[in-house]
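Just so you know, the working numbering puts the end of the sequence shown at 280, numbered straight through with nothing missing. Below is one structure, written out as structure tokens; comments come after it.
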Amino acid sequence: MEGVMMRSPYKYAVAVRKADGTIKVMEKDFISLAKRKKFFGLPLVRGGVALIESLVIGMKALNFSADEAIKQDEKKKKENALGGILMAVTMVLGLAAGVGIFFYLPLFVTEGLGIKGGTAFNIVDGGLRLVIFVLYLWGIGRWKEIRRVFEYHGAEHKSIFAWESEGELSPEAAVKYPRLHPRCGTSFLLFVMVISILCFMILGKPDSTLDRVIRFLFIPVIGGIAYEVMKLSDRIRNENVGKILLWPGLKLQGLTTKEPSRDQIDVAIAALRAVIS
């Protein structure tokens, strides 16, 4: 069962279409730590907070979608408890695999190439990470199930555009807008990848296990910098510099968003209505 997750400064919501065609919405109040504690709202710090909170909320949204899918099958209802455990294990393993593939694999491959200089090492390491990331998005986009997820992603962007541009939420208003949005998480991840190359250059070539751990712990800092760059890019998106900064991320969204159906836009609108009400 696919769905859409939306978030506002004060709540988040997940909308899914059930087997009977109706849309179910789960909404929760949520105020970011960055708004509740002054320190966590500081520039550079707030981006790392947003990154971690997005991961937590994303897992909760996935759990809700999975629970609704289980409810469609009477037999699976009885296995709900076990299913929850398996879902949690799957999430942990998925996160570990993601760190291994996108963080440590490029590192080990670059080390295997025998590159000595810190600058050259980090350029090759970062370049490999970008290539793996793009190939991964392209590869999973070949799957029918993931393509539908990407269609919902496009529906999310279209409905946000309609609200921001016209203050109107309807499939007729949303369908005419582009599926690529400058504040997309895909663009944020690309900023993280690029900025990580520059930050790791400062740290130099990792020669020990401690050096590798430090690089990993540096990720929230990189996320904080990427967050500020993305916010700046969005503010100046109509200027030449803003267009240049946003262009790569928008191009990458060509892989992570697909044209949605009217039914999918309806689901996205239901989630958006819940967080702006």
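The beta-carbon is built from N, C-alpha and C at its ideal position, and this holds for glycine as well. Keep in mind the model is a prediction, meaning the values are calculated, not measured.
Which two residues bound the contiguous alpha helix (DSSP H) that contains residue i?
{"i": "Ile143", "result": "121-143"}
{"i": "Val216", "result": "212-220"}
{"i": "Val19", "result": "Per DSSP, Val19 belongs to no alpha helix (DSSP H); it is in the beta strand (DSSP E), 14-20."}
{"i": "Arg265", "result": "265-279"}
{"i": "Trp166", "result": "147-169"}
{"i": "Leu248", "result": "243-259"}
{"i": "Val112", "result": "108-115"}
{"i": "Glu262", "result": "Segment: none, Glu262 is in no alpha helix (DSSP H) and carries neither H nor E."}
{"i": "Pro174", "result": "174-177"}
Mind checking residue i: buried by the 16 CB within 10 Å criterion, or exposed?
{"i": "Leu248", "result": "buried"}
{"i": "Lys2", "result": "Any question about residue 2 goes unanswered here, given that the chain covers just 4 to 280."}
{"i": "Arg132", "result": "buried"}
{"i": "Thr1", "result": "Because the chain is modelled from 4 through 280, residue 1 falls outside the range shown and cannot be assessed."}
{"i": "Pro174", "result": "buried"}
{"i": "Asp32", "result": "exposed"}
{"i": "Leu45", "result": "exposed"}
{"i": "Asn241", "result": "exposed"}
{"i": "Leu54", "result": "buried"}
{"i": "Leu116", "result": "exposed"}
{"i": "Leu192", "result": "buried"}
{"i": "Lys38", "result": "exposed"}
{"i": "Arg238", "result": "exposed"}
{"i": "Lys147", "result": "exposed"}
{"i": "Lys161", "result": "buried"}
{"i": "Leu235", "result": "exposed"}
{"i": "Leu183", "result": "buried"}
For residue i, I'd like the list of residues in its chain whose CB is within less than 6 angstroms of its CB, leaving aside the five on either flank, ordered along the chain.
{"i": "Pro263", "result": "Glu154, Gly157, Ala158"}
{"i": "Ser280", "result": "none"}
{"i": "Ala84", "result": "Because Ala84 sits at a pLDDT of 48, beneath the cut-off of 50, its placement in the model cannot be relied upon, and the point is left open."}
{"i": "Val7", "result": "Ala18, Tyr155, Glu159, Val270, Ala271, Ala274"}
{"i": "Met9", "result": "Ala16, Ala274, Leu275, Val278"}
{"i": "Leu36", "result": "Phe43, Val52"}
{"i": "Gly103", "result": "none"}
Between residue i and residue j, how many whole angstroms is the CB-CB distance? I'm expecting something under 8 angstroms.
{"i": "Pro181", "j": "Phe164", "result": "7 angstroms"}
{"i": "Phe136", "j": "Phe105", "result": "6 angstroms"}
{"i": "Leu110", "j": "Arg265", "result": "At roughly 45 angstroms, the Cβ-Cβ gap does not stay under 8 angstroms, so Leu110 and Arg265 are not in contact."}
{"i": "Glu41", "j": "Glu30", "result": "Inspection of the sequence shows that residue 41 is occupied by Lys rather than by Glu. 27 angstroms between Cβ atoms; not a contact."}
{"i": "Ile126", "j": "Ile200", "result": "6 angstroms"}
{"i": "Met196", "j": "Gly252", "result": "Not quite, the Cβ-Cβ distance comes to about 10 angstroms (not below 8 angstroms), so this is no contact."}
Could you please give the first and the last residue of the uninterrupted beta strand (DSSP E) stretch that includes residue i?
{"i": "Glu30", "result": "26-32"}
{"i": "Gly188", "result": "Careful: Gly188 lies outside any beta strand (DSSP E), inside the alpha helix (DSSP H) at 188-206."}
{"i": "Arg39", "result": "Run containing Arg39: none in the beta strand (DSSP E); it sits in the alpha helix (DSSP H), 36-39."}
{"i": "Gly6", "result": "6-10"}
Residues in its own chain within less than 7 angstroms of residue i by CB, not counting five upstream and five downstream?
{"i": "Arg218", "result": "Phe203, Leu206, Pro209"}
{"i": "Leu140", "result": "Leu258, Thr259"}
{"i": "Gly121", "result": "Met204, Gly207, Lys208"}
{"i": "Arg150", "result": "Gly144, Lys261"}
{"i": "Ala176", "result": "Ala165, Glu169"}
{"i": "Ile118", "result": "Phe124, Val127"}
{"i": "Leu58", "result": "none"}
To which residues of the same chain is residue i closer than 8 angstroms at the C-beta, ignoring the five residues directly before and after it?
{"i": "Lys78", "result": "At Lys78, the pLDDT of 49 sits below 50, so the modelled position is not reliable and the matter cannot be decided from this model."}
{"i": "Trp166", "result": "Leu172, Leu275, Ile279"}
{"i": "Ile198", "result": "Ile225, Ile228, Ala229, Val232"}
{"i": "Ile299", "result": "The shown model of the chain, from 4 to 280, leaves out residue 299, and the question about it has no answer."}
{"i": "Ile34", "result": "Pro12, Tyr13"}
{"i": "Phe67", "result": "Gly6, Val17, Val19, Met29"}
Any heavy atom of the ligand ADP within a distance shorter than 7 angstroms of the CB on residue i?
{"i": "Pro109", "result": "Ligands in the displayed structure: none, and consequently the ligand ADP is not present."}
Chain B beta carbons: is any one of them nearer than 8 angstroms to that of residue i?
{"i": "Lys208", "result": "Within the model displayed, chain B is absent; a lone protein chain is all it includes."}
When the Cβ atoms of the segment 183-190 are set against those of the segment 255-271, are three or more pairs found closer than 8 angstroms? yes
Contact the segment 11-20 vs the segment 266-277: 3+ CB pairs below 8 angstroms: yes
The segment 236-245 in contact with the segment 201-217 per 3-pair CB rule at 8 angstroms: no
Is the segment 224-233 touching the segment 48-64, taking contact as three or more C-beta pairs under 8 angstroms? yes
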